[in-house]
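Heads up: the structure comes next, in structure tokens.
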Amino acid sequence: MAMIEVDKLNLSFGEGDDANQVLHDVCIAVSEGEAFGLVGESGSGKTTVLRCLAGQYNHWSGRLAIDGENLGRKLEKARCRKVQMVFQDPYGSLHPRHTVETALTEPLAIHGIGDASRRIDAILTKVGLPTSFRYRYPHQLSGGQRQRVAIARALILEPRILLLDEPTSALDVSVQAEILNLLADLRQREGLTYLLVTHDLGVVAHLCDRVAVMQHGRIVDLIESANLVGCVPEHPYTRMLVEASRHYDRHMADSVAPEAA
Amino acid sequence: MTTTTSPAAFDSTPQSSAQALRQNLLRNLRKLLRNPLSVAGLVVILLLLLLAAFAPLVATHNPLLQDLGNTLKAPSAANWFGTDEYGRDIFSRLVYGSRITLYIISLVTVIVGPVGLTIGVVSGYFGGWVDTVFMRITDIFVSFPGLVLALAFVAALGPGLDHAVIAIALTAWPPIARLARAETLSLRKADFIVAVQLQGASPLRILVRHVAPMCLSSVVVRLTMNMAGIILTAAGLGFLGLGAQPPIPEWGAMISAGRRYMLECWWLVAMPGAAIMMVSLAFNLFGDGMRDVLDPRSE
Amino acid sequence: MTQETQVIQSPMLQVEDLRVSFKTGEGMVDAVRGVSFNLGREKLAIVGESGSGKSTVGRTLLRLHPKSARITATQMRFGDIDLLSCSEKTMQGIRGRRMSMIMQDPKYSLNPVMRVGDQIAEAYLAHHKVPRKEADQRVLTMLEAVRIRDPQRVFRMYPHEVSGGMGQRIMIAMMLITEPEIVIADEPTSALDVSVRLQVLATLDDLVSQRGLGLIFISHDLNLVRSFCDRVLVMYAGRVVESIAAADLDKAQHPYTQGLLAALPSVDARRPRLPVLQRDPSWLTEPIHA
Chain A
22 MAMIEVDKLN LSFGEGDDAN QVLHDVCIAV SEGEAFGLVG ESGSGKTTVL RCLAGQYNHW
82 SGRLAIDGEN LGRKLEKARC RKVQMVFQDP YGSLHPRHTV ETALTEPLAI HGIGDASRRI
142 DAILTKVGLP TSFRYRYPHQ LSGGQRQRVA IARALILEPR ILLLDEPTSA LDVSVQAEIL
202 NLLADLRQRE GLTYLLVTHD LGVVAHLCDR VAVMQHGRIV DLIESANLVG CVPEHPYTRM
262 LVEASRHYDR HMADSVAPEA A
Chain B
-10 MTTTTSPAAF DSTPQSSAQA LRQNLLRNLR KLLRNPLSVA GLVVILLLLL LAAFAPLVAT
50 HNPLLQDLGN TLKAPSAANW FGTDEYGRDI FSRLVYGSRI TLYIISLVTV IVGPVGLTIG
110 VVSGYFGGWV DTVFMRITDI FVSFPGLVLA LAFVAALGPG LDHAVIAIAL TAWPPIARLA
170 RAETLSLRKA DFIVAVQLQG ASPLRILVRH VAPMCLSSVV VRLTMNMAGI ILTAAGLGFL
230 GLGAQPPIPE WGAMISAGRR YMLECWWLVA MPGAAIMMVS LAFNLFGDGM RDVLDPRSE
Chain C
760 MTQETQVIQS PMLQVEDLRV SFKTGEGMVD AVRGVSFNLG REKLAIVGES GSGKSTVGRT
820 LLRLHPKSAR ITATQMRFGD IDLLSCSEKT MQGIRGRRMS MIMQDPKYSL NPVMRVGDQI
880 AEAYLAHHKV PRKEADQRVL TMLEAVRIRD PQRVFRMYPH EVSGGMGQRI MIAMMLITEP
940 EIVIADEPTS ALDVSVRLQV LATLDDLVSQ RGLGLIFISH DLNLVRSFCD RVLVMYAGRV
1000 VESIAAADLD KAQHPYTQGL LAALPSVDAR RPRLPVLQRD PSWLTEPIHA
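Chains A, B and C supply the protein sequences, listed in that same order.
Heads up, the first sequence is in the numbering used here, so the first residue is 22 and it goes up one at a time.
Heads up, the second sequence is in the numbering used here, so the first residue is -10 and it goes up one at a time.
Heads up, the third sequence is in the numbering used here, so the first residue is 760 and it goes up one at a time.
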């Protein structure tokens, strides 16, 4: 059974003549334990899909379901136990005035889960941070450490699904590798389902089994990461993304339609 | 500048939340002490507090005791700042007046801070009609000059110290509310707020535990800067006879009473005037320093 | 390689043992610790992670560093000018005229209340005494050169009306209109989408080869640099740990360069885990590889 189902998801902002439709009939099905990637450029609507699942927008139409249950417009507490999110900017996603401990206690307090201290130690160990870090403020952590805290915060409610919004794009290459390894390990150990949004095809191919390519609010291509190795995809847009992730090619630039002002 | 050193290398890793808090406070204090002007402000404010606390010990005379044989005396060894038209010692009156000034400041702050913060945060976070209603009310209050509005309130309530406090508080909350609202608007879409929403936190919890603490620092800074204004408004009301009533040694009222003798006996006006100036300047300087320390953008 | 010999014949820029340190609350911090390189008519990349000092090198060349910085070098020459000791007036004649800089985000580099065309014309007029008409004509030619399709229209636009890729092309036009000899590009395409990035790079590529410029391309993207530049300097903790022809990057000697390359996720190599870079303290001090 599919863990995440997105069926004919439509969303627009604004009304009447100014309405700007950002999602057009987006359909995805992610099975349990799978890592699914959404790639696209800015404005393709990839992050919007994620935010709909996270309950940030409530005027979408279509059907969203998690673990077989249809999602309502409002974000209920039960959904929070199942779905958590990791954000792009590790500097903006942690409360600057909360210590690591406060940040990790908060979700437990909201859901009335006891035994906080032991759980915090366990989760810090799980994401590869020393337990002595629990009294640090975000400004005393490096970017990679912050992202680990953010992952710990997402996992402390023991969700089944992690929504990953460009989790490594603000990090250096070497730190990115560490975080990607951590995410891969966690998925394997905890049986998590990932929905990863990124513009970096290398990252998505590394972490995900299947990838949907989005452009202008539509899914234009669906590929298996394994099939990408050494191959030239058929869809022109996917091909451009794949080639650009491999190397820069002067001739490729001419094949891309010049943008309008 | 190697990537291997952690940014916290110069801070030892705290072992408990109390220690973490202490380190944070110490660092802020160090930052504050680096600025000589704000230290000067802080010293004056501390002096004012000590003066008020130990007024009976510091004062050389009874501030209310009239000595009609000893009126309008220039500053001397017996009366350091001279005497007023009833022969009361001006120095002692200033010392006891500091209690009144502090009473006004603290009461106004205690009313204005929470009210402004609550209205601003609620208005900014929820937006929509809540925001519209609150902000239009705020606009109405802001569109009158503070002193004029306070005058109107005191005129309606009747003169007196407590009424002056209420009147000043009524005019002082809108800027705080606007500030808190602006701050909240910029936070509302921040990832760490979205993260806590996604944890299932109720709006009340988000506002109290996540949004308000972020607004608090700028509100505190603003309040400190406002204290100068509050002192001046209080003095203004006192001067107009609508604040503290005689014989209470309120600084503004002292200037008001002394102005009739200003040309011959300058100390009647100059001494309380200097006190008002010094204290409001001190709060301004201290507020400036606080902004450097507490402003999240400066970190 | 012909490229390499050409560099030796005509180095436009010579930097030897450049050191930059900043004063902070916690004492002096060394951002650049002994960087040496020559630049000819080539595309030279400076790559490194955040904090490696790569951007500081670029800024120091144009004397754009903050006042608190302390700079020393055995040599920092641009043609026959000593960049270390020359007057601020000389520097003003160089900056933007003979050596210019393209920043990461055009949004912050363009004046929001001035038309695009006027800004480019102003950049030109600052260094050339020509009638305004002629300057405008040059701007239009330049906009065409960066492959903007409707230069007349873009000339009259305000920065907020143009897209990110267009903005970056306008920046390139503005920086190249004075016909500099050296262009320093600090992560010029990091803020851009893949397809837009391709076109901006192609524009830069064409202009650099047509006009025979020296380009210093500061980036964190090894994959891009490998195919876009001629030569690569790899910086780590303020030092160049390796200088290598871009085409030979696969044969990099230094473990840091090797580690960075290996840590890159790729569509073509499916690995269950990415090798994690193990930092060796000796990298901070060891002598530099040729």
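Backbone N, C-alpha and C define an ideal beta-carbon position, used for all residues, glycine too.
Owing to the predicted nature of the structure, the values given are computational and were not obtained by experimental measurement.
At the level of alpha carbons, what is the spacing between B/D78 and A/H160?
To locate residue 78 of chain B, count along the second sequence from 1; it is residue 89. To locate residue 160 of chain A, count along the first sequence from 1; it is residue 139. Looking at the two C-alpha atoms, the distance is approximately 54 Å.
Work out the CA separation of C/V774 and C/G852 for me, nearest whole Å.
Taking the third sequence and counting its residues from 1, one reaches residue 852 of chain C at position 93. Taking the third sequence and counting its residues from 1, one reaches residue 774 of chain C at position 15. So the alpha carbons of these two residues sit roughly 20 Å apart.
Could you pull out every residue in the same chain whose Cβ sits closer than 8 Å to the Cβ of A/E122, ignoring the five residues on either side in sequence?
Walking along the first sequence from the start, residue 122 of chain A turns up at place 101. Counting only Cβ-Cβ distances below 8 Å, and skipping sequence neighbours, we find I141, R155, Y156.
Can you give me the Cβ contacts of B/S245 inside the same chain, cut-off strictly under 6 Å, excluding the 5 residues immediately before and after it?
On the second sequence, position 256 is the one that residue 245 of chain B refers to. Scanning its chain for C-beta atoms nearer than 6 Å, with the 5 sequence neighbours on each side dropped, one finds around B/S245 the residues F228, in chain order.
Could you tell me the boundaries of the alpha helix (DSSP H) in which B/T173 lies?
On the second sequence, position 184 is the one that residue 173 of chain B refers to. Per DSSP, the continuous alpha helix (DSSP H) segment holding B/T173 begins and ends at 150 to 177.
By the 10 Å Cβ neighbour count, where 16 or more other Cβ atoms means buried, how is B/I129 classified, buried or exposed?
Taking the first residue of the second sequence as position 1, residue 129 of chain B is located at position 140. That one is exposed.
Using Cβ-Cβ distances below 7 Å, what residues of the segment 98 to 121 of chain A are close to chain B?
Using a CB distance below 7 Å, the part of the segment 98 to 121 of chain A facing chain B consists of K98, C101, Q105, M106, F108, D110, G113, S114, L115, H116, P117, R118, T120, ordered along the chain.
Give me the DSSP bridge partner(s) of A/T214.
If you number the first sequence from 1, residue 214 of chain A lands on position 193. A/I182, per the DSSP bridge assignment.
Considering A/H45, what are the terminal residues of the alpha helix (DSSP H) in which it resides?
Within the first sequence, residue 45 of chain A is the residue found at index 24, counting from 1. Unbroken run through A/H45 is the beta strand (DSSP E), 41 to 52; no alpha helix (DSSP H).
Report buried or exposed for C/L974, applying the criterion of at least 16 other Cβ atoms within 10 angstroms of its Cβ.
The sequence position of residue 974 of chain C within the third sequence is 215, counting from 1. With 16 or more Cβ atoms within 10 Å of its Cβ, C/L974 is classed as buried.
According to DSSP, is C/Y995 part of a helix, a strand, or is it coil?
Indexing the third sequence from 1 puts residue 995 of chain C at position 236. Reduced to three states, the DSSP call for C/Y995 is strand.
Work out the CA separation of C/K866 and B/L83 for me, nearest whole Å.
By 1-based counting over the second sequence, the position of residue 83 of chain B is 94. By 1-based counting over the third sequence, the position of residue 866 of chain C is 107. Here the alpha carbon of B/L83 sits roughly 57 Å from the alpha carbon of C/K866.
Of all the CB atoms in chain C, is at least one closer than 7 Å to the CB of A/S153?
Taking the first sequence and counting its residues from 1, the one referred to as residue 153 of chain A is at position 132. No - not a single Cβ of chain C is within 7 Å of the one on A/S153.
Measure the C-alpha to C-alpha separation of B/P289 and A/E55 and round it to an integer number of angstroms.
Here chain B has residues from -10 to 288 only, and residue 289 of chain B is not among them.
Should the segment 251 to 260 of chain B be regarded as contacting the segment 169 to 178 of chain B, the criterion being three or more beta carbon pairs within less than 8 Å?
Contact fails: fewer than three Cβ-Cβ distances are below 8 Å.
Cβ pair B/A233, B/I100 closer than 7 Å:
Here residue 233 of chain B refers to the residue found at position 244 of the second sequence. Here residue 100 of chain B refers to the residue found at position 111 of the second sequence. Taking a C-beta distance under 7 Å as the contact criterion, B/A233 and B/I100 do not qualify as a contact pair.
In its own chain, which residues sit with a C-beta less than 6 Å from the C-beta of C/G1018, not counting the 5 before and 5 after it?
Your numbering for residue 1018 of chain C matches position 259 in the third sequence. Hits under 6 Å: L1036.
Hey, could you find the ends of the alpha helix (DSSP H) A/K147 is sitting in?
To locate residue 147 of chain A, count along the first sequence from 1; it is residue 126. First-last of the alpha helix (DSSP H) with A/K147: 137 to 147.
Would you say B/L283 lies against chain A (beta-carbon separation less than 7 Å)?
Your numbering for residue 283 of chain B matches position 294 in the second sequence. Taking Cβ atoms only, chain A never reaches closer than 7 Å to B/L283, which makes this a no.
What does the alpha-carbon distance come out to for the pair B/R16 and A/T189?
In the second sequence, the residue the question calls residue 16 of chain B occupies position 27. In the first sequence, the residue the question calls residue 189 of chain A occupies position 168. Distance between the alpha carbons of B/R16 and A/T189: 31 Å.
Could you please tell me which residues of the segment 909 to 921 of chain C, in chain order, have their CB closer than 8 Å to any CB of chain A?
The segment 909 to 921 of chain C vs chain A, Cβ under 8 Å: D909, R912, V913, M916, E920, V921.
Alpha carbons only, please: which of B/K178, B/L150, B/L57 is nearest the one belonging to A/Y78?
Position 57 of the first sequence holds residue 78 of chain A. For A/Y78, the nearest C-alpha among the options comes from B/K178.
DSSP-derived helix/strand/coil call for C/M835:
Numbered from its first residue, the third sequence carries residue 835 of chain C at position 76. In the three-state DSSP reduction, C/M835 falls in the strand class (E or B).
Confirm the yes/no value for this check: CB of A/L162, any heavy atom of the ligand COA, distance under 6 Å.
Looking at this structure, you won't find the ligand COA or any other ligand, since it has none at all.
Proximal residues of chain A, C-beta to C-beta of C/A1022 below 8 Å:
Along the third sequence, read from residue 1 onward, the residue named residue 1022 of chain C stands at position 263. At a beta-carbon threshold of 8 Å, the residues of chain A lying near C/A1022 are V194, S195, Q197, A198, ordered along the chain.
How about B/F275 and B/S27: do their beta carbons lie closer than 7 Å?
Here residue 275 of chain B refers to the residue found at position 286 when the second sequence is read from its first residue. Here residue 27 of chain B refers to the residue found at position 38 when the second sequence is read from its first residue. In this structure, B/F275 places its C-beta atom within 7 Å of the C-beta atom of B/S27.
Is it buried or exposed, A/V104, if we count other Cβ atoms within 10 angstroms and call 16 or more buried?
Within the first sequence, residue 104 of chain A is the residue found at index 83, counting from 1. For A/V104, the number of other beta carbons within 10 angstroms of its own is at least 16, and it is reported as buried.
Going along chain B in order, which residues have a C-beta closer than 7 Å to the C-beta of A/I172?
For the purposes of this step, residue 172 of chain A is taken as residue 151 along the first sequence, with counting starting at 1. Those do not exist, as A/I172 stays about 12 Å from chain B at its closest Cβ, beyond 7 Å.
Are the Cβ atoms of A/L92 and A/G66 separated by less than 7 Å?
As a working mapping, residue 92 of chain A is identified with position 71 in the first sequence. As a working mapping, residue 66 of chain A is identified with position 45 in the first sequence. In terms of Cβ geometry, A/L92 and A/G66 do not form a close pair [threshold 7 Å].
Assess contact between the segment 828 to 846 of chain C and the segment 777 to 796 of chain C, defined as three or more Cβ pairs (one per stretch) separated by less than 8 Å. Is contact present?
Enough Cβ pairs lie closer than 8 Å, so yes.
Thinking C-alpha only, which one of C/M994, C/R990, C/L1020, C/A1021 is nearest C/A1006?
Taking the third sequence and counting its residues from 1, the one referred to as residue 1006 of chain C is at position 247. For the set C/M994, C/R990, C/L1020, C/A1021, the Cα lying nearest the Cα of C/A1006 is the one of C/R990.
Can you give the Cα-Cα distance for B/I195 and A/L249, rounded to whole angstroms?
Working through the second sequence from its first residue, we reach residue 195 of chain B at position 206. Working through the first sequence from its first residue, we reach residue 249 of chain A at position 228. A direct Cα-to-Cα measurement between B/I195 and A/L249 gives close to 44 Å.
If I follow the unbroken alpha helix (DSSP H) through B/I100, where does it start and stop?
In the second sequence, the residue the question calls residue 100 of chain B occupies position 111. Looking at the DSSP string, the run of the alpha helix (DSSP H) that includes B/I100 is 79 to 115.
Between the alpha carbons of A/A281 and C/T849, how many angstroms are there, rounded?
Locating residue 281 of chain A in the first sequence gives position 260, where the first residue counts as 1. Locating residue 849 of chain C in the third sequence gives position 90, where the first residue counts as 1. With a pLDDT of 41 at A/A281, under the threshold of 50, the predicted position of this residue should be treated as unreliable, and no value is reported.
Which residues in the same chain as C/K813 place their Cβ atom closer than 6 Å to its Cβ, once the five residues preceding and following it in sequence are excluded?
Counted from its first residue, the third sequence places residue 813 of chain C at position 54. Excluding residues up to 5 positions away in sequence, I805, G807, I977, M994 lie with their Cβ nearer than 6 Å to the Cβ of C/K813 in the same chain.
Can you tell me which of B/R23, B/V131, B/I155 puts its alpha carbon nearest to the alpha carbon of B/P164?
Numbered from 1 along the second sequence, position 175 holds the residue referred to as residue 164 of chain B. Relative to the Cα of B/P164, the nearest Cα in the group B/R23, B/V131, B/I155 belongs to B/V131.
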